[in-house]
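> Sharing a structure with you now.
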Amino acid sequence: MNKTFFFVIMTLAFIPLWAGAQGEEGAGLRLSMGGSTTVEPIITSAMEVYLAEVDPQAELSYDAPGSTAGIRGVLNGVYDLGTASRALLLNEKEQGAVLTNIALDGLAVIVHETVPIDDISLEDLASIYVGEIKNWKDLGGPDHEIVVVNRDEASGTLGAFEELVLERIYGDDGRFIREALITESNGNMATMVTQTPYSIGYGSLAIIDRVENSGGKALTIGGIEDTAENVLTGKYPIVRPLSFVSFGKPEGTVLTFIEFLLSPRGQEIILEAKYVPLQ
Amino acid sequence: MIGDIKATRSMRNTWELLVRGVLALSAAVSVFSVIAMTVFILLEGLPLFFSSQGPYDPPGVFDFLFGTEWYPTDTVPKYGILPFITGTLIVTAGSIVISVPVGIAVGIFISEIAKGRVQSLLRSVVELLAGIPSVIYGFCGIMLIGFFLRHTDDPLVNYNAFTAMLILAVMTLPTISTITEVSLRTVPRAYVDGARALGSTHWQTIRDIMLPSASSGILTGVILGTGRAVGETMAVLMVAGNQPTMPDRGIFSRVRTLTMAIVNDMGYAGGDHYVALFSIAIVLFVFILLLNITTQIIISRSKNRMHAYASN
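So the protein sequences, as listed, match chains D and U. If you're matching positions, the first sequence starts at 189 in this note's numbering and goes up one per residue. If you're matching positions, the second sequence starts at 12 in this note's numbering and goes up one per residue.
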């Protein structure tokens, strides 16, 4: 009895090895990818479509620890292909990271339903995020502390917000307020802001629907609404590209997948994910 | 005939040896893992204090442990982890304050008061509680926060240390109650019978005889629960607010614990910042080590006491 049990266990232990050996024979495109949480919905559906319509043999994976981690992963060789929702830093460029843009995104500024404001200027937004404005009454709202929700340091969305809002108003002196709730993904930002009274946060254009469904709203910036059209024409002030990150110029399997996303079918996927295609 | 017996015997011996070998190997693997991890953490984390990878002095151990400012990405970075240590202490202490009385009460109830089906049902419910993945606790925590924020004006349950405490209390409760129950069951029957024979009520027997003689076991449970609370990451990450500053509103502050600090920065940290995360791991390691040593001391003391009783 014990013997049988033992052999069963040993046999079970070898199954993964055997299964692994089987996997080696797959002939399709193999890519391990990772990076931005903002780009995650695009890549997730792109992988599904690619498997279903282009290459059923393909082995694709994506994890989302954030843009900075994605770029580092590509430079360390952990990922074949990364994604980023911000521009590259100088040292990342020097180490050989190359961006290929696949979509545009207008950073939405979102608030809880308790905030009676509909519009904000870029200056006031920056002031909130450096901590100079701390009460909604300074912006004509109720006398209540502003609950600032920010992203983690690994986030490309944080990097883009810093570059496009804080640095535009404050230059290099713009530093994020420390008294803030920190959330670790673009999707979680929507949950936190729509849950927390008197809170403000920011995220990709794609979260606006979710925010509005949960009772929150997106603010217009200087009267301009965050829509695909305003992003494409550049009227909306906080626009950033979403990109693939490769080590050196993309080639081989990496290029194949990038080209898929730049193809009409790929750009359709981007539209379905509520981001803005390049054209 | 004799040959057959010999053959089976030698087969048995081979089998015996094989099993022993496999068991010894498993034991060796676990010991080796602990040693390897300790060495690895120390090798990766200690260099922070000896050399810096940038044009600035390495932080001293004192500055690291008692510094209140965490600016790991500045040109002259500051690695003060007191906010995280304080966060861990607040959240752990708070959760233990809640889960110890409740856990012990649950343990007593299951062991001494509940009978039959109620007892076995309760026991399996508590075991189930222990098996729920922590991310699910975190998720429930977020739902709870959402509920409170929607329905009350100035909610206690928000993204803060207090909510993390509540969640951790539920998570550590099974450890404490299960060990309490087991320790109560090992109290010698003679003690209980003696107390009852002298006219003690059921509750008096539990309070004055059973609890004191099970105390070392219960204490061990409490310490194991504390260890779980110190090391818990996912659930607290989801509800504690993750603000890297000194807690300024007591138990209602938004806090970042040691484990949260590691997870939060792991993805992007580079250079000294990355090393600093391992230094945080050393601090956590020391915390857990101290807790385990305390458990060992308690267990060995109680064993000595048992021997003393036995020899009297």
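Ideal Cβ placement from N, Cα and C applies to all residues, glycine included.
Could you check which residue in F298(U), L76(U) and I101(U) has the C-alpha nearest to that of L235(U)?
Taking the second sequence and counting its residues from 1, one reaches residue 235(U) at position 224. Selected option, being the one with the closest Cα: F298(U).
> If you compare alpha carbons, which of F296(U), I262(U), G252(U) and D259(U) is closest to N275(U)?
Locating residue 275(U) in the second sequence gives position 264, counting from the first residue. Per the Cα distances, G252(U).
> Between E341(D) and chain U, is there a C-beta pair that is closer than 8 angstroms?
In the first sequence, counting from the first residue as 1, residue 341(D) sits at position 153. Yes, E341(D) counts as interfacial toward chain U.
> Is M249(U) helix, strand or coil by DSSP?
On the second sequence, position 238 is the one that residue 249(U) refers to. In the structure shown, M249(U) sits in a helix (DSSP, three-state: H, G or I).
> Using 8 angstroms as the Cβ pair cut-off and three pairs as the minimum, do the region 406-416 of chain D and the region 241-261 of chain D touch?
As far as the Cβ criterion goes, the region 406-416 of chain D does not touch the region 241-261 of chain D, which means the pair count is below three.
> For S224(U), which residues from the same chain have a beta carbon less than 7 angstroms from its beta carbon, with the 5 sequence-adjacent residues on both sides left out?
Along the second sequence, one-based indexing puts residue 224(U) at 213. Once the five neighbours on either side are set aside, the close Cβ partners of S224(U) are V198 and Y202.
> Check the DSSP bridge columns for Y250(D) and list the partner residues they point to.
Stepping through the first sequence from its first residue, residue 250(D) is reached at position 62. Y250(D) pairs with M221(D).
> Of all Cβ atoms in chain U, is any one closer than 8 angstroms to the Cβ of L407(D)?
As a working note, residue 407(D) is residue 219 in the first sequence. No, its Cβ sits nowhere closer than 8 angstroms to a Cβ of chain U.
> Going along the chain, which residues of its own chain have a beta-carbon closer than 8 angstroms to the beta-carbon of F77(U), five neighbours each way excluded?
On the second sequence, residue 77(U) is found 66 positions in, with the first residue counted as 1. These residues qualify, in order along the chain: G91 and L93.
> Between the region 362-377 of chain D and chain U, which residues of the former have a C-beta closer than 8 angstroms to a C-beta of the latter?
R366, E367, A368, L369, I370, T371 and E372
> Would you list, in chain order, the members of the region 259-278 of chain U that have their beta-carbon closer than 7 angstroms to a beta-carbon of chain D?
R265, N275, D276 and G278
> Short check: CB of L269(D) to CB of A285(D), under 8 angstroms?
Taking the first residue of the first sequence as position 1, residue 269(D) is located at position 81. Taking the first residue of the first sequence as position 1, residue 285(D) is located at position 97. Not closer than 8 angstroms, so no.
> So that I know if they touch, is there some Cβ in chain U lying closer than 8 angstroms to that of P304(D)?
For the purposes of this step, residue 304(D) is taken as the residue at position 116 of the first sequence. No, because no Cβ of chain U sits closer than 8 angstroms to the Cβ of P304(D).
> Where T421(D) and I230(D) are concerned, what is the direct C-alpha to C-alpha distance, given to the nearest angstrom?
To locate residue 421(D), count along the first sequence from 1; it is residue 233. To locate residue 230(D), count along the first sequence from 1; it is residue 42. Whole-angstrom Cα-Cα distance: 22 angstroms.
> Going along chain U, which residues have a C-beta under 9 angstroms from G254(D)?
Within the first sequence, the letter at position 66 stands for residue 254(D). Under the 9 angstroms cutoff, chain U gives G278 and Y279.
> Is G214(D) close to chain U, meaning its C-beta is less than 8 angstroms from at least one C-beta of that chain?
For the purposes of this step, residue 214(D) is taken as the residue at position 26 of the first sequence. The pLDDT assigned to G214(D) is 47, lower than 50, so where the model puts this residue is not dependable; a value taken from the coordinates is nonetheless given after this. It does not; no Cβ of chain U falls within 8 angstroms.
> Using the beta-carbon of each residue, which ones in chain D are nearer than 8 angstroms to Y11(U)?
In the structure displayed, chain U extends from 12 to 323; residue 11(U) sits before or after that span and is not available.
> To test your reading of the DSSP string, which unbroken alpha helix (DSSP H) runs of 4 or more residues are found completely within the region 270-305 of chain D?
For the region 270-305 of chain D, whole alpha helix (DSSP H) runs of length 4 or above, ordered along the chain, are 278-282.
> Beta carbons nearer than 7 angstroms to chain D: which residues of the region 83-108 of chain U have them?
T84
> Contact check, P70(U) vs R366(D) under 8 angstroms by CB: the rounded distance?
The sequence position of residue 70(U) within the second sequence is 59, counting from 1. The sequence position of residue 366(D) within the first sequence is 178, counting from 1. Wrong, their Cβ atoms sit about 19 angstroms apart, outside the cutoff.
> Buried or exposed: A209(D), going by 16 or more other Cβ atoms within 10 Å of its Cβ?
Counting from one through the first sequence, the residue named residue 209(D) turns up at place 21. The pLDDT assigned to A209(D) is 46, lower than 50, so where the model puts this residue is not dependable; a value taken from the coordinates is nonetheless given after this. Per the 10 Å Cβ criterion, exposed.
> Buried or exposed: which applies to D312(D), given that a residue is buried once 16 or more other Cβ atoms fall within 10 Å of its Cβ?
In the first sequence, counting from the first residue as 1, residue 312(D) sits at position 124. Buried is the call here.
> As a quick exercise: from S122(U), S41(U), T99(U) and A47(U), pick the residue whose alpha carbon is nearest that of I217(U).
The residue you call residue 217(U) lines up with position 206 of the second sequence. The shortest C-alpha separation from I217(U) is found at S122(U).
> Helix, strand or coil for I370(D) per DSSP?
Taking the first residue of the first sequence as 1, we reach residue 370(D) at position 182. In the three-state reduction of the DSSP assignment, I370(D) falls in the strand class.
> Identify the residues that DSSP records as bridge partners of F263(U): which are they?
For this step, residue 263(U) is matched to residue 252 along the second sequence. F263(U) is not bridged to any residue.
> Answer yes or no: does any C-beta atom of chain U fall closer than 8 angstroms to that of A272(D)?
In the first sequence, the residue the question calls residue 272(D) occupies position 84. Not a single C-beta of chain U is nearer than 8 angstroms to the C-beta of A272(D).
> What do you get for M176(U), buried or exposed, if any count of 16 or more other CB atoms within 10 angstroms of its CB means buried?
As a first step, residue 176(U) is located in the second sequence; it is residue number 165 there, counting from the start. Per the 10 Å Cβ criterion, buried.
> When burial is assigned at 16 or more other CB atoms within 10 Å of the CB, is L300(U) buried or exposed?
Here residue 300(U) refers to the residue found at position 289 of the second sequence. When all chains shown are included, L300(U) counts as exposed.
> Assuming G294(D) contacts I395(D) under a Cβ cut-off of 8 angstroms, what Cβ separation, rounded to an integer in Å, is found between them?
As a first step, residue 294(D) is located in the first sequence; it is residue number 106 there, counting from the start. As a first step, residue 395(D) is located in the first sequence; it is residue number 207 there, counting from the start. The Cβ separation is near 11 angstroms, so there is no contact.
> Taking DSSP's pairing of strands, which residues face W81(U) in a bridge?
The residue you call residue 81(U) lines up with position 70 of the second sequence. Paired residue(s): Y90(U).
> Have a look at L302(U), F296(U) and A287(U) and flag the residue whose alpha-carbon is nearest the alpha-carbon of Y82(U).
The sequence position of residue 82(U) within the second sequence is 71, counting from 1. Minimum Cα distance to Y82(U) is reached at A287(U).
> With a threshold of 7 angstroms on Cβ separation, who are the neighbours of L450(D) within its own chain once the five nearest residues in sequence on each side are excluded?
By 1-based counting over the first sequence, the position of residue 450(D) is 262. Result list for L450(D): I290, in chain order.
> Report the three-state DSSP secondary structure of Y390(D) (helix, strand or coil).
Numbered from 1 along the first sequence, position 202 holds the residue referred to as residue 390(D). Strand, per DSSP.
> Quick check on this structure: which residue in T415(D), A461(D) and V442(D) has the alpha carbon closest to the alpha carbon of V297(D)?
As a first step, residue 297(D) must be located in the first sequence, where it is residue number 109. Among T415(D), A461(D) and V442(D), the Cα nearest to that of V297(D) belongs to T415(D).
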